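*Asks:* Sharing a structure below in structure tokens format, with a few things to ask.
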Amino acid sequence: MGDACDILRSCTQIKELTTDVRPPLEDGIYTIDPDGDDGVQEPFRVYCDLTTDGGGWTLVWSNLRGGTHKPVTNLGWEMAISTEPRFNGTLGPDLEAFNYYLGLEHWERLGDEIRYDWANDYGSPIDQRFYADYDLDA
187 MGDACDILRS CTQIKELTTD VRPPLEDGIY TIDPDGDDGV QEPFRVYCDL
237 TTDGGGWTLV WSNLRGGTHK PVTNLGWEMA ISTEPRFNGT LGPDLEAFNY
287 YLGLEHWERL GDEIRYDWAN DYGSPIDQRF YADYDLDA
């Protein structure tokens, strides 16, 4: 990965450049800089899922029914756009143990060639899972 202080551009790049790291990196909070070292925008912290479906995912919003103290419940529109990442709960592999929200302006910074997945996992007793993929370049 180069210098220990390198900040990579995305969770995908973190996953790709650390594939051979042992032990492997875990899901968690990482700092990314989508426009790179020469860009004008500051790096920001995100939750990277490095294991699900091959890893490299950037979580932009988690608002599961089992969570508490939801980070976006009372946000007005302006705050929903500009807010820095908000975390509540205990970060870890159990997505119901925490809630997370990344302001909408950061979503745009993640890049032009992004696939957005929307997943609803209702778990038991409903036991249904729904996905929707969005390709914004299509």
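Counting along the sequence shown from 1, when you hit position 94 you're at 280 in our numbering, and nothing is skipped either side. For glycine and all other residues, C-beta sits at the position ideal for the given N, C-alpha and C. Bear in mind the structure is a predicted one, so any value in this text is a computation, not a measurement.
Please classify Pro220: is it buried, with 16 or more other beta-carbons within 10 angstroms of its beta-carbon, or exposed?
*Replies:* Pro220 is buried by the Cβ-count criterion.
*Asks:* Compute the distance between the beta-carbons of Asp269 and Gly242, then report whether it is under 8 Å.
*Replies:* One point to set straight first is that residue 269 is Thr, not Asp, in the sequence displayed. No.
*Asks:* Please report the straight-line C-alpha distance between Ile215 and Arg231, rounded to a whole angstrom.
*Replies:* About 6 Å.
*Asks:* Could you tell me the distance, in whole angstroms, from the CA atom of Asp213 to the CA atom of Leu281?
*Replies:* Cα to Cα, the separation comes out at about 11 Å.
*Asks:* Quick one: what does DSSP say Leu296 is sitting in, helix, strand or coil?
*Replies:* Here Leu296 sits in coil by DSSP.
*Asks:* Beta strand (DSSP E) containing Leu245: first to last residue?
*Replies:* Element bounds for Leu245: 243 to 245.
*Asks:* What residues in its chain sit with their C-beta under 8 Å from that of Phe284, if we drop five residues either side in the sequence?
*Replies:* Excluding positions up to five away in sequence, the list reads Ser248, Gly253, Phe273, Asn274, Gly275, Thr276, Leu277, Gly278.
*Asks:* Out of curiosity, what's the CA-to-CA distance linking Asp223 and Trp263?
*Replies:* The straight-line gap from Cα to Cα measures roughly 30 Å.
*Asks:* Can you tell me which residues form a DSSP beta bridge with Ile215?
*Replies:* Note: Ile215 sits in a beta bridge opposite Tyr233.
*Asks:* From Ile200 to Leu296, what distance separates their C-alpha atoms?
*Replies:* Between Ile200 and Leu296, the C-alpha separation is close to 14 Å.
*Asks:* Terminal residues of the continuous beta strand (DSSP E) containing Gly240?
*Replies:* Here Gly240 belongs to no beta strand (DSSP E), and DSSP marks it neither H nor E.
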